[in-house]
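Report on the following structure.
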Amino acid sequence: MATLNVGNLGEYLREQRRNAQLSLRQLADAAGVSNPYLSQIERGLRKPSAEVLQQVAKALRISAETLYVRAGILDAERDRDEVETRAVILADPTLTERQKQVLLQIYVSFRKENGFEIADGDEASDPGVTDGTEPSDAGPRDRTAGQGDGDGDGDKSTEQHKTAG
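Residue numbers (the numbering used here): 3 to 167.
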């Protein structure tokens, strides 16, 4: 893995923010981070997580991969396929944010199972996602809820069927 170069990252972020004609406060708000934290990143005092870099990249409308490489999180050549796969998943407008995070977790687990470690082990683990709850729109149970009890007579529960007859 490449070495961390947060100074270079900070300078690059400042340049991109200025090119986008955003104040520090505007970018911090758009990225969902605090103004002081973003300032510290720009000055090279803090190492942001991959998730924060992704949020900043989205707010600046630039490639998250570029920020990952600048931060030393990714080796540009070795991790290109993984980053492209992640980028496609994250850019898919038909998926909810929850679905994207779950899909990324599954992707990471398959890569680990096959012996390919993720460049930064925390990239796909979002504390809000690993809360032990199931995604609200995943699984056959949710797709069939309220569609009948499976006996083909069109009623919605066996309890109604028993009391009706």
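Think of the CB as a built atom: it goes at the ideal place given N, C-alpha and C, for glycine as much as any other residue.
Opening and closing residue of the alpha helix (DSSP H) in which residue 108 lies | 99–115
Backbone CA spacing between residue 34 and residue 19 [nearest angstrom] = 15 Å
So, are the CB atoms of residue 36 and residue 26 less than 8 Å apart?
-> no
Quick one: residues in its chain with C-beta nearer than 8 Å to the C-beta of residue 45, no 5 flanking neighbours on either side, listed in chain order?
-> 12
Check whether the Cβ atoms of residue 55 and residue 73 lie closer than 8 Å to each other.
-> yes
Assign residue 38 to buried or exposed, taking buried as 16 or more other Cβ atoms, counted over all protein chains shown, within 10 Å of its Cβ.
-> exposed
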